[in-house]
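K.L.:
Last residue of the sequence shown: 161 (this note's numbering), numbering continuous.
Cβ coordinates follow ideal geometry from the N, Cα and C atoms, glycine included.
Below is the structure I would like to discuss, written out as structure tokens.
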Amino acid sequence: MPTPRYFTQAPAFPAETSVASLPTISLRGLQDKSSTEGEKLFEACREWNFFLIDLRDSDDGTTLLQDAERMFDLTTELFALDQATLDRYAYDAPRDLTGYVH
């Protein structure tokens, strides 16, 4: 999940789309060794096999969000290049879609 700057660039989530209500686990709570957060994590894994992780209020979470945002920026820059430039670095195109190599 990127920082809030990226949410303003995306279209609104369709209101008619149903969503699952998944448990949210706090990374900060886990880092602080909160027994409550640990129990929530265990139950989420046992019951749902999925959970959302709240990265706010954690230095590591903030770093991860900022890194993700930088990756989005780099992706935008990459795909803004002209096709001839992209083709020079394409990996075994068109049979393999694993990306570009330098």
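Please check the pair Asp-119 and Ile-84, which I expect to be a contact at CB under 8 Å, by giving their CB distance rounded to whole angstroms.
P.N.:
In fact, because the Cβ distance is near 14 Å, the residues do not count as touching under 8 Å.
K.L.:
Please state whether DSSP places Ser-94 in a helix, a strand or coil.
P.N.:
Ser-94: helix per DSSP, three-state reduction.
K.L.:
Could you round the C-beta distance between Glu-96 and Gly-88 to whole angstroms and report it? I think they count as a contact, below 8 Å.
P.N.:
The Cβ separation is near 3 Å, so the contact holds.
K.L.:
Report the option in Glu-102, Phe-109 and Tyr-65 whose CA atom is closest to the CA atom of Ala-79.
P.N.:
Of the listed residues, the one whose Cα sits closest to Ala-79 is Phe-109.
K.L.:
Let me make sure I understand the geometry here. Which of Arg-147, Thr-135, Gln-142 and Leu-86 has the alpha-carbon closest to that of Tyr-20?
P.N.:
Missing from the structure shown is residue 20; the chain here goes from 60 to 161 and no further.
K.L.:
Kindly indicate which three-state DSSP category Thr-83 falls into: helix, strand or coil?
P.N.:
Residue state, collapsed to three classes: strand.
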